[in-house]
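> Got a structure here, written out as structure tokens. Questions coming.
Number of protein chains: 2
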Amino acid sequence: MAKSSTPSRERIVAGAADMISRRGLSATSIREMAKHAKAPLGSTYHYFPEGKQQLATEAVRYSGEWVARSLRKELEAGPAAGLAAFLALWRRIVFESDFHAGCPVLAVAIEEPPADEVPPALAAAADVFEQWENLLADSLRAHGARAEQAAQVATLIVAAVEGTVALCRAKRSTEPLDRTAAQLQYLIAATIKN
Amino acid sequence: MAKSSTPSRERIVAGAADMISRRGLSATSIREMAKHAKAPLGSTYHYFPEGKQQLATEAVRYSGEWVARSLRKELEAGPAAGLAAFLALWRRIVFESDFHAGCPVLAVAIEEPPADEVPPALAAAADVFEQWENLLADSLRAHGARAEQAAQVATLIVAAVEGTVALCRAKRSTEPLDRTAAQLQYLIAATIKN
DNA sequence: GCTAGACTATGACGATCGTTATAGCCAGAG
DNA sequence: CTCTGGCTATAACGATCGTCATAGTCTAGC
């Protein structure tokens, strides 16, 4: 078998991202990630010789890129459409997992690093947030927003959506997403108008 | 010794809240919480016979009430002052911990619950978020905001601040807080004006 | 067909987890 | 003084953790 329908390595990364988004990094064991991807434990150390940190780093980048792709595509129709897609994407993840899944990037971002050291997974999380913000900010600027305003609004959107997903999980309801959605839509409309 | 300067029980809860805000719930062991509070391991099971879940629940409520107190007090000077205090409080926690600490309520909120069951700590997190939102929404309404708008803005503020704290930790910078602060201030000004 | 190298199978290592049990201490009430 | 009850001390339980080592299987290219 040269290549199975989805290669083992990618299945492991995608599965790891899903599990991390639910339980957090430290509560997700390598054994469970392997089992979830129907891969043997030995394979995880074959594909990711640096161990858990490497796997976490790749999982963060994987979901980061996945979201960025969607964002990039929908932003072609303008910032408001991009925001709507961004919100819909997270609503779907939260709702379809029965409020069990969230954002793996956030989950990794709030793990405490060892003193005076920055683990690669945490650095990857920072990069992913930055990328999402830049996509939104560029689109806002392209539609007439002032540079500083665009940056501020982009950061607010990313932060608010991440926080709202957490609120939804705690309350087992998508209502927080509805509320922030309404306000963020006003905000975008006001931002690209001046 | 009838009562030490700070009672053991409260020291354990406060310490647990701090540790959970840094490492997350599942990465924080009861042994470490006891050691951090200079209390014996046996004492934690004496004060919290339901074990880790109970300790986590009380830690969430403890920090929830602590933030709510500050919020309640500063909101007396109006929504804008309340928001400023809310932001300053989190900025202080993030900065003074060298970007290691965050919000323990968020940390508990994103832990996956067992299927069809809601652990008390998760329910407590939902309550705390609700309480913060209500404090902000009431203040907004008292200053002329429409009821629905007030609720939406309050949810957005709580979610955005929680998310921004996570962004700051990942990026090891307080700049995200500056950006969201600016936008949330505009938003409050616009909300209580109509 | 054979060999090299990618992948898997299996088991073990020390460490730490949540939790419990049991015995001991030690202040304050009687 | 004795005794009771809140708190501590200590050790242990099985389970699971991240990681590593070793031997085995299988396939692609010669």
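Protein sequences, first through last, are from chains A and B. Each residue of the first sequence is one higher than the one before, starting from 1 at the first, in UniProt numbering. Each residue of the second sequence is one higher than the one before, starting from 1 at the first, in UniProt numbering. Idealized CB from N, CA, C, for every residue including glycine. What you are looking at is a predicted structure, and each value in this text was computed from that prediction instead of being measured.
Roughly how many angstroms lie between the CA atoms of R11(A) and A85(A), to the nearest whole one?
The sequence position of residue 11(A) within the first sequence is 11, counting from 1. The sequence position of residue 85(A) within the first sequence is 85, counting from 1. Rounded to the nearest whole angstrom, the CA to CA distance from R11(A) to A85(A) is 25 angstroms.
> To test your reading of the DSSP string, which unbroken alpha helix (DSSP H) runs of 4 or more residues are found completely within the segment 27 to 111 of chain A?
Counting whole runs of 4 or more residues, the segment 27 to 111 of chain A contains the alpha helix (DSSP H) stretches 30 to 36, 41 to 47, 52 to 74, 79 to 96 and 104 to 109.
> Note down, in chain order, all residues in the UniProt domain "HTH tetR-type" (6 to 66) of chain B with a beta-carbon under 7 angstroms from any beta-carbon belonging to chain A.
R22, R23, G24, S26 and A27
> Please report the straight-line C-alpha distance between P120(A) and Y62(A), rounded to a whole angstrom.
Position 120 of the first sequence, counted from the start, is the residue given in the question as residue 120(A). Position 62 of the first sequence, counted from the start, is the residue given in the question as residue 62(A). Near 14 angstroms, if we compare the C-alpha coordinates of Y62(A) and P120(A).
> Do A159(A) and T57(B) count as a contact pair if the criterion is CB distance below 9 angstroms?
Locating residue 57(B) in the second sequence gives position 57, counting from the first residue. Locating residue 159(A) in the first sequence gives position 159, counting from the first residue. Cβ atoms of T57(B) and A159(A): not closer than 9 angstroms.
> If A101(A) and V94(A) are in contact, beta carbons under 8 angstroms, what's the gap, nearest whole angstrom?
In the first sequence, residue 101(A) corresponds to position 101, counting from 1. In the first sequence, residue 94(A) corresponds to position 94, counting from 1. Rounded, the Cβ-Cβ distance is 7 angstroms, consistent with contact.
> For A184(A) versus L156(A), is the C-beta distance shorter than 9 angstroms?
Translated into positions along the first sequence, residue 184(A) becomes position 184. Translated into positions along the first sequence, residue 156(A) becomes position 156. It should be pointed out that residue 184(A) corresponds to Leu in this sequence rather than to Ala. Contact flag set, yes.
> Buried or exposed for K35(B), going by 16 or more other Cβ atoms inside 10 Å?
Indexing the second sequence from 1 puts residue 35(B) at position 35. The residue is exposed, with fewer than 16 neighbouring Cβ atoms inside 10 Å.
> Taking 9 angstroms as the CB-CB cut-off, is K171(B) touching chain A?
Here residue 171(B) refers to the residue found at position 171 of the second sequence. Yes, K171(B) counts as interfacial toward chain A.
> Would you kindly work out how many angstroms separate the C-alpha atoms of A189(A) and P79(A), rounded to a whole number?
Reading the first sequence from its first residue, position 189 is the one you call residue 189(A). Reading the first sequence from its first residue, position 79 is the one you call residue 79(A). Answer to the nearest angstrom: the Cα atoms are 9 angstroms apart.
> Return no unless some Cβ of chain A is closer than 9 angstroms to the Cβ of V94(B).
Locating residue 94(B) in the second sequence gives position 94, where the first residue counts as 1. Cβ-Cβ to chain A under 9 angstroms: no for V94(B).
> State the Cα-Cα distance for the pair G144(A) and L187(B), rounded to the nearest angstrom.
The sequence position of residue 144(A) within the first sequence is 144, counting from 1. The sequence position of residue 187(B) within the second sequence is 187, counting from 1. G144(A) and L187(B) have their C-alpha atoms some 20 angstroms from each other.
> With DSSP collapsed to three states, give me the class of E117(A).
Taking the first sequence and counting its residues from 1, the one referred to as residue 117(A) is at position 117. Secondary structure at E117(A): coil, using DSSP grouped into helix, strand and coil.
> Taking the alpha-carbon positions, what's the R141(A) to N134(A) distance?
Here residue 141(A) corresponds to residue number 141 of the first sequence, with the count starting at 1. Here residue 134(A) corresponds to residue number 134 of the first sequence, with the count starting at 1. Between R141(A) and N134(A), the C-alpha separation is close to 10 angstroms.
> Less than 9 angstroms between CB atoms is the rule here; does G102(B) satisfy it with respect to chain A?
Taking the first residue of the second sequence as position 1, residue 102(B) is located at position 102. Yes, contact with chain A.
> Of the choices A107(B), S97(B), F48(B) and Q54(B), whose alpha-carbon is the least far from that of E162(B)?
The residue labelled residue 162(B) in the question sits at position 162 within the second sequence. The option with the nearest alpha carbon to E162(B) is A107(B).
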